[in-house]
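Throughout the sequence shown, residue numbering follows the numbering used here, covering 924 to 1332 in sequence.
Here a beta-carbon is modelled for each residue, glycine too, at the ideal position from N, C-alpha and C.
Remember, predicted model here, so these are calculated numbers, not experimental data.
Down below is the structure, laid out as C-alpha cells.
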Amino acid sequence: MLEKAYRGQCAAVKVHCTNEAERRKRGLTLFALALGSFCIGTSEFASMGILQLFSASLGIDIPTATNAIAAYAFGVVIGAPLVTLAAARLNRRTLLLCLMGLFILGNVLSAVATDLGTFAFARFISGMPQGAYFGAGAVVASYIVGPGHAGKAFALVMSGLTIATIIGSPLATFLGQSLGWRNTYFSVAAVAGLAFIALWTWVPRTQALQGGPVTQELASLRRPAVWAMMLVAALGVASIFAVYTFIGPFVTDLATLDQTWIPVALALFGLGMTAGNLIGGRLADSYPARGLVVGYGSALIVLSVLAAGGGNVWILMPALFGVGVTMMVAIPTIQVRLTRVAPEAPTLMGALNLAALNIANAIGAWAGSLTIAAGYGLLSAVWAGFGLTLLGLLVFALTLPKAPQPAPA
C-alpha cells in the first residue's frame, strides 16, 4: 500500500471523526469512495480498449479517434486544478456527489454521441471530475479513519483504479465487443449511479467536512522544482499511453489474434501496473530518486523489445505486462517528490500530479497517432513512447541537482 505517496494530502486534514456510529461504518465509506475510483478508472482505460469499435462506428480512422482519448485527458488536466480551487469551500460530501453526477452525465453523453465532436466533448466532461474526486476522497478517508491510518485508507480508495485496470477495463471492453461500444459507457454510468447512491448513504453528513480556502497553496507554483517534476512526469509516463491506447490494434492487426484477446491483453497490462505500483511504493518510501530512474530506465528496455518484436504474440503479451510494471514503478516517486517539494500545498500538488499524468495521456496518444498516421506502422507508436520516456529521464537527470532534496519521510 502506498500510504506515503498520499501522506501529504491526508496529513493536511486536521479534523477527524469522533462519532462512533460513523466510525463503525468507515469500511462502507471507504468502499463507496473506492467504487467511485473504480468507475473513473474503468471509463478512462476502457475507452482505449474500444478504440477500434467507436472509430469504425463514427466513421473515422484510428489516429483521428485518439482525439477523444486526448479530450478526456484534457478534461482531467483542466478540471483537476480548476475544480479543486473553485470548489475549495464546498462540503466534501456535497462535492463528491456533484462530481459523480457530472461523471455520470459525461458517460451518458459519450454513449449517445453521434460524431467525433460531440463524443470528444462528452469525454472532456467525463474527465473533469477526476482530480477533484481524489482530492475530496483523500479528505473524507482521512476524516473517517483518524490520524495514523489515513494514508493506508486513501491508498485503499485508490485501489479502485487498480481493480479497474485488471477487471473493469477488460470487462467493459468485452461488453463493448459483445453488445456495442455505446453500452460500455451506459454500463459505466449505471455502476457510477450505484457509486452515487453509496456515497449519498455512507459518506457522513457533517460540517467537519466543510472545505476551506486553498489560496495559500498557490504560492507553491512559483517553485521551479514543481514544474520540473510535472514535466518529467508528463514526458516520461507518456509511453504508457502510447502503448495502452493501441493495444487493440496491436492484438488484432499485428499479432493477428481474435478481438476476444484484447481484454486479456488489457488485463495483463493492468496486472503489470499493479505489480509495478507495489514495487514503486517501496522504492518511493526509501529513496528520493531511485524509483523513477529504475522505472524509466527499465521501461526503455521493455519498450525497445516491444517495438522490435511486438508482431509476435509471445513477445507482445509479456512486453505489455512489462511496460505496465516498469512505468508504474516510477509513478509513486513522482507523487512523493511533488508533495515533498511543496509540503504546504498537498491538495494542489495532488491535483497537479493527476494533471501531469493526464498530460502524459494526451501526449502519448497524440505522439502514437502521429507516427501511425505518417505511415510508419503501428509499432511506431511504441518508438514514440520510447522517445518521450527517454526525454523525461534526461530532463530528470538535468533538473535533479538543481531541485531541493526532499526531506526525509
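Helix, strand or coil at residue i according to DSSP, with G and I counted as helix
i: P1136; result: coil
i: F1169; result: coil
i: L1323; result: coil
i: T1179; result: coil
i: Y1299; result: coil
i: M1051; result: coil
i: R1128; result: coil
i: L1013; result: coil
i: A1307; result: helix
i: V999; result: helix
i: R922; result: Any property of residue 922 remains undetermined from this structure, which presents the chain solely from 924 to 1332.
i: Y1108; result: helix
i: T1037; result: coil
i: L925; result: Only weak support exists for where L925 lies, its pLDDT of 43 falling under 50; the value from the coordinates is given anyway. Coil.
i: A1268; result: coil
i: V1216; result: helix
i: L1313; result: helix
i: Y1066; result: helix
i: G1103; result: coil
i: V1160; result: coil
i: Y1056; result: helix
i: R1146; result: coil
i: N1235; result: coil
i: P1186; result: helix
i: G982; result: coil
i: I973; result: coil
i: P1255; result: helix
i: P1211; result: coil
7 Å Cβ cutoff met for residue i and residue j
i: A1009; j: G1029; result: no
i: A1334; j: V1305; result: Residue 1334 cannot be examined here, being either before or after the span of the chain that is shown, 924 to 1332.
i: P1183; j: M971; result: It is worth fixing the name first, because residue 1183 is Thr in this sequence and not Pro. No, the pair does not count as a contact, with Cβ atoms beyond the cut-off.
i: G1214; j: A1207; result: yes
i: G1083; j: F961; result: yes
i: I1224; j: G1232; result: no
i: V1126; j: T952; result: yes
i: A1043; j: A994; result: yes
i: T1312; j: G1159; result: yes
i: T1197; j: T1085; result: yes
i: Y1108; j: S1033; result: yes
i: L1098; j: N1106; result: yes
i: F1244; j: G1199; result: no
i: M1272; j: A1265; result: yes
i: L956; j: V1062; result: no
i: A1274; j: A1064; result: no
i: G1134; j: A1011; result: yes
i: V1187; j: A1112; result: no
i: I1185; j: T1096; result: yes
i: P1052; j: L1025; result: yes
i: L1039; j: I983; result: yes
i: G1203; j: P1255; result: yes
i: F1309; j: L1226; result: yes
i: M1023; j: G959; result: yes
i: L1301; j: P1172; result: yes
Contact belief for residue i with residue j at Cβ below 8 Å, rounded distance in angstroms
i: V1006; j: G1054; result: 7 Å
i: W1104; j: F968; result: Going by Cβ atoms, the distance from W1104 to F968 rounds to 14 Å, so no, they are not a contact pair.
i: V999; j: G1050; result: 4 Å
i: S1110; j: L1189; result: Actually they do not touch by this definition, with Cβ atoms about 16 Å apart.
i: V996; j: L974; result: It is Ala, not Val, that sits at residue 996 in the sequence shown. So it is not a contact: roughly 14 Å between Cβ atoms.
i: G1218; j: T1179; result: Contact doesn't hold; Cβ gap of about 31 Å is too wide.
i: L1317; j: V1149; result: That pair is no contact at about 19 Å.
i: G1234; j: L1144; result: Going by Cβ atoms, the distance from G1234 to L1144 rounds to 45 Å, so no, they are not a contact pair.
i: I963; j: Y1056; result: 7 Å
The stretch 1059-1070 touching the stretch 1158-1178, judged by at least three CB pairs closer than 8 Å: no
Between the stretch 1273-1288 and the stretch 1147-1156, do at least 3 Cβ pairs fall closer than 8 Å? yes
Three CB pairs or more closer than 8 Å across the stretch 1286-1302 and the stretch 1128-1135: no
At a cut of 8 Å, does the stretch 1116-1123 reach the stretch 1018-1036 through at least three beta carbon pairs? yes
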